[in-house]
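K.L.:
From first to last, the protein sequence lines stand for chains W and V.
Going by our numbering, the first sequence opens with residue 1, and the numbers climb by one from there.
Going by our numbering, the second sequence opens with residue 1, and the numbers climb by one from there.
Once you've had a glance at the structure underneath, I'll fire off some questions.
2 protein chains.
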Amino acid sequence: MKEKIMVIDLDRRSRLFTEKLLKGAGYEVVTAKDFSSGYSLITTAQPQIIILDPLFPKKEGVNLIRALREWSDCPIIALSLNGTERAAVELMDAGADDFIRKPFFGEELLARVRNCIKHITLIEAAKGMDTEPLYSKDGLTVDYNGRTVTADGENIHLTKNEYKILSLLCRNSGKVLTYDFIMKSVWGPQTDGNTGILRVNIANLRKKLEKNRNYILTENGIGYRIK
Amino acid sequence: MKEKIMVIDLDRRSRLFTEKLLKGAGYEVVTAKDFSSGYSLITTAQPQIIILDPLFPKKEGVNLIRALREWSDCPIIALSLNGTERAAVELMDAGADDFIRKPFFGEELLARVRNCIKHITLIEAAKGMDTEPLYSKDGLTVDYNGRTVTADGENIHLTKNEYKILSLLCRNSGKVLTYDFIMKSVWGPQTDGNTGILRVNIANLRKKLEKNRNYILTENGIGYRIK
DNA sequence: AAATTTCTTGACAGTTTCTTAACAATGTAG
DNA sequence: CTACATTGTTAAGAAACTGTCAAGAAATTT
């Protein structure tokens, strides 16, 4: 029930402190020791909030934020030992949602995390998203909570990636999702333009769920969408 | 066009500094010298953002935030000279969206204001998501979000370029778009003056959507427009 | 460690879309 | 009305894209 928070911090002591603090407050915590592993972990772990020490003066942290913002709105709280004004401005303009100077007090970080969650909740409420943990139409059912899929009553077993793709399509039912968007959501942002693997996954999905109907439609040159 | 920001600060020098800073950045600023006048001014001035120095250790500022939160989600940025951890936590839990310690640097405040605006915009966008991006007239419907087109209820399949042209026309409904403009928008800026391909695409579009009506009109010698 | 499942890649065939060109139809000016 | 320019239509080859299969790599389970 509690939110999942990802902590990316190269300094071991600081990372452990943050992790312990958050866990103490009941959050689920995922940690990463460096930017590249953290970046790819975002896709698989799907955290609700990211806490990041961008480690100035190197620009890696800022670049990470910029890259992430290309495809995700996940809130980012930036920490920084080197708490200059420039750092704060640069990070927030890159897309960070908040900025805290190290050394910080635990309670303040927690308060800012609560703040973030409040914002997320507001946005979700505005979207009207919080009502439906289920997609169901034309005999195809996707239960996002149970992670189960049925077609015409039959239970269908899907692999991790197949399920990610299908649930993504169903959550945006009717909309066309571009190849690029799907690729970045499923395989992470550092994918090249090669859609081969996506094509294979779509083929497998169709083989598994389409006995007679066509659930997944192709928009040539653009992407896929669900009917 | 620029946002209206309300500054509530009992210290004259600090208030003037903040006001000047915000005005310099192009915002409209309303100021208040005390809490009660500030509170009542919120209703009349209707600012998009409130910047507040709650003046610890008195609780008036916290009370103001709590009272405001009963009926408004207007973002509040709290400043504080007395920047203890407790103060920050108390203010944010009362409903403040951000907290900055005095003395602060101007640029950081501005960055945080920009952040606030980004959040507001996100929420507004989420609210108006399902209704907004749609062209619909005389039986022709273009859903820019879902990238779908219907004519007289029927779903119409369009190719990439056909869709680009149609949505371009619909987004500029009524206006005449010149051949040159359409060509450059769809095929990029370095196109020669050969409109052959555009003519073919328009013909295909008409074949697909015009059973009886004429949606796409030709302005001889100029370009096309949608009725 | 072996077996099973899942992921990834590359090749290739089939399909869709793009582009060109020729010609027909329409509009315009003298 | 004729001649010319502009626009619409059609068809066919070229190019790009998508679906499918199979084989090996990687991950997971037994």
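Ideal placement from N, C-alpha and C gives every residue a C-beta, glycine not left out.
Using beta-carbon positions only, say whether Pro-54(V) and Cys-116(V) come within less than 7 Å of one another.
P.N.:
No, they are not a contact pair.
K.L.:
Looking only at its chain, what residues have a beta carbon closer than 8 Å to the beta carbon of Thr-178(W), apart from the 5 residues adjacent to it on each side?
P.N.:
The residues are Ile-222, Gly-223.
K.L.:
Once DSSP output is grouped into helix, strand and coil, what is the label at Gly-223(W)?
P.N.:
Gly-223(W): strand per DSSP, three-state reduction.
K.L.:
Would you kindly work out how many angstroms separate the C-alpha atoms of Arg-206(V) and Ser-80(W), rounded to a whole number?
P.N.:
Arg-206(V) and Ser-80(W): Cα-Cα distance of roughly 59 Å.
K.L.:
Which class does Phe-99(V) belong to by DSSP, given the choice of helix, strand or coil?
P.N.:
Note: Phe-99(V) maps to strand in three-state DSSP.
K.L.:
Pair every Cβ in the region 35-50 of chain W with every Cβ in the region 5-13 of chain W, then say whether three or more of these pairs are closer than 8 Å.
P.N.:
Contact holds: three or more Cβ-Cβ distances are below 8 Å.
K.L.:
At 9 Å on the CB atoms, spell out the chain V contacts of Arg-199(W), in chain order.
P.N.:
Within 9 Å Cβ-Cβ: nothing; Arg-199(W) doesn't reach chain V, min ~17 Å.
K.L.:
Just how far apart, CA to CA, sit Met-92(W) and Gly-38(W)?
P.N.:
Going from the Cα of Met-92(W) to the Cα of Gly-38(W) covers about 19 Å.
K.L.:
Any idea if Ile-236(V) is buried or exposed, counting beta-carbon neighbours within 10 angstroms, 16 or more meaning buried?
P.N.:
Because chain V in this structure spans residues 1 to 227, residue 236(V) falls outside the shown range and cannot be described.
K.L.:
Please compile the residues from chain W whose C-beta is within a distance smaller than 7 Å of the C-beta of Ala-111(V).
P.N.:
Ala-88, Val-89, Met-92, Asp-93, listed in chain order.
K.L.:
Pair every Cβ in the region 169-176 of chain V with every Cβ in the region 134-154 of chain V, then say whether three or more of these pairs are closer than 8 Å.
P.N.:
Touching, yes.
K.L.:
Closest to Arg-86(V) by C-alpha separation, out of Arg-69(W), Ala-96(W), Ala-78(W), Glu-108(W), would be which residue?
P.N.:
Per the Cα distances, Glu-108(W).
K.L.:
Strictly by DSSP, which residues pair up with Ser-80(W)?
P.N.:
In DSSP, Ser-80(W) forms a bridge with Arg-101(W).
K.L.:
List the residues of chain V that Asn-220(W) touches, going by C-beta distances under 8 Å, in chain order.
P.N.:
Result: Thr-159, Lys-160.
K.L.:
Give the straight-line distance between the Cα atoms of Asn-194(V) and Ser-185(V), rounded to the nearest whole angstrom.
P.N.:
Looking at the two C-alpha atoms, the distance is approximately 14 Å.
K.L.:
If you reduce the DSSP assignment to three classes, tell me which class Val-176(W) lands in.
P.N.:
The answer is coil: DSSP assigns Val-176(W) none of H, G, I, E or B.
K.L.:
Which residues in chain V have a C-beta closer than 7 Å to the C-beta of Ile-123(W)? List them in chain order.
P.N.:
Neighbours of Ile-123(W) on chain V, chain order: Leu-122, Ile-123, Ala-126.
K.L.:
Nearest-angstrom Cα distance between Leu-229(W) and Lys-160(W)?
P.N.:
Residue numbering for chain W in the displayed model covers 1 to 227; residue 229(W) lies beyond these limits and cannot be assessed.
K.L.:
Taking Gly-26(V) and Lys-2(V) to be in contact with their CB atoms under 8 Å, please state how far apart those CB atoms are, rounded to whole angstroms.
P.N.:
Going by Cβ atoms, the distance from Gly-26(V) to Lys-2(V) rounds to 5 Å, so yes, they are a contact pair.
K.L.:
Helix, strand or coil for Glu-28(W)? Go by DSSP, reduced to three states.
P.N.:
Three-state result, Glu-28(W): strand.
K.L.:
Exposed or buried, which one is Asn-155(W) when buried takes at least 16 other CB atoms within 10 Å?
P.N.:
Asn-155(W) comes out exposed.
K.L.:
At a CB-CB cut-off below 8 Å, which residues of chain V make contact with Lys-175(W)?
P.N.:
Near Lys-175(W) (Cβ distances below 8 Å), the residues of chain V are Asn-145, Gly-146, Arg-147.
K.L.:
Helix, strand or coil for Thr-44(V)? Go by DSSP, reduced to three states.
P.N.:
Thr-44(V) falls in the helix class under three-state DSSP.
K.L.:
Phe-17(V) touches chain W at which residues, Cβ-Cβ below 9 Å?
P.N.:
Those do not exist, as Phe-17(V) stays about 15 Å from chain W at its closest Cβ, beyond 9 Å.
K.L.:
If we cut at 7 Å on Cβ distances, does Asn-214(W) have a partner in chain V?
P.N.:
No, Asn-214(W) does not count as interfacial toward chain V.
K.L.:
For Arg-69(W), return the contacting residues in chain V, with the cut-off set at a CB-CB distance below 8 Å.
P.N.:
Per Cβ cutoff of 8 Å: no residues; Arg-69(W) is ~11 Å from chain V at best.
K.L.:
Secondary structure at Asp-143(V), three-state DSSP: helix, strand or coil?
P.N.:
If DSSP states are grouped into helix, strand and coil, Asp-143(V) belongs with the strands.
K.L.:
Quick check on this structure: which residue in Glu-219(W), Glu-90(W), Val-89(W), Ile-65(W) has the alpha carbon closest to the alpha carbon of Ser-36(W)?
P.N.:
Closest option to Ser-36(W), Cα to Cα, is Ile-65(W).
K.L.:
CA-CA distance, Ile-165(W) and Gln-46(V)?
P.N.:
Rounded to the nearest angstrom, the two C-alpha atoms are 44 Å apart.
K.L.:
Per DSSP, Glu-154(W) is paired with what?
P.N.:
Paired residues: Ala-151(W).
K.L.:
Buried or exposed for Ala-125(W), going by 16 or more other Cβ atoms inside 10 Å?
P.N.:
The residue is exposed, with fewer than 16 neighbouring Cβ atoms inside 10 Å.
K.L.:
Is DSSP giving Lys-23(V) helix, strand or coil here?
P.N.:
The answer is helix: DSSP assigns Lys-23(V) an H, G or I state.
K.L.:
Report the option in Arg-199(V), Thr-84(V), Ile-42(V) whose CA atom is closest to the CA atom of Ala-67(V).
P.N.:
The option with the nearest alpha carbon to Ala-67(V) is Ile-42(V).
K.L.:
Where do the ends of the alpha helix (DSSP H) carrying Lys-207(V) lie?
P.N.:
Looking at the DSSP string, the run of the alpha helix (DSSP H) that includes Lys-207(V) is 196-209.
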